[in-house]
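>
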Amino acid sequence: MKKRKKNPDFDDLVQPPRKTSQIAGASFNKAIARFKVFRHIQAQGKKGSTCDEAEAALGMSHQTASPRVFELHVSGRIVDSDQRRHTRSGRKAIVWIAMEAPEGPEQEDWDR
161 MKKRKKNPDF DDLVQPPRKT SQIAGASFNK AIARFKVFRH IQAQGKKGST CDEAEAALGM
221 SHQTASPRVF ELHVSGRIVD SDQRRHTRSG RKAIVWIAME APEGPEQEDW DR
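Quick note on the working numbering: the sequence shown kicks off at 161 and runs consecutively.
Shown next, in the form of structure tokens:
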């Protein structure tokens, strides 16, 4: 993944992670969550799915699903369909479409 450029207006606002956040993060399997999000998007076929739709279908919080969608996009497993649909809050969101069909969450590259 590319290293992000520093933004002086934003970087001063970023706080280091709290101990409770670190403990929670260590107990969470990102690869499995990423795989679940991917399978949901894949199951939608050409219709695709917004992050919000994946959250609702999978019972995931936005804080869990959104980073997984970002990771899937950066890895090329999902792409922007150029469609937009309204979220539950009424905002327009990207509709994502799956690009490949990995075998399962145990695959080594799902751990990235």
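The beta carbon of each residue, even a glycine, is placed where N, CA and C say it ideally should be.
Being a predicted model, the structure only gives us computed values, none of them experimental.
From which residue to which residue does the beta strand (DSSP E) around residue 244 run?
Unbroken beta strand (DSSP E) run through residue 244: 238–246.
> Can you list, in chain order, the residues of its chain whose CB lies under 7 Å from that of residue 208, leaving out five sequence neighbours each side?
201, 241, 243, 255, 256 and 257
> In the DSSP assignment, what are the bridge partners of residue 254?
244
> Give the range of the alpha helix (DSSP H) segment to which residue 190 is assigned.
190–203
> Using the C-alpha atoms, what's the distance from residue 231 back to residue 259?
C-alpha separation (whole angstroms): 14 Å.
> Go ahead and pull the three-state DSSP assignment for residue 221.
coil
> Could you name the residues that DSSP lists as bridge partners for residue 209?
256
> Whose C-alpha, out of 249, 221 and 247, is nearest the C-alpha of residue 193?
221
> Can you tell me whether DSSP reads residue 226 as helix, strand or coil?
helix
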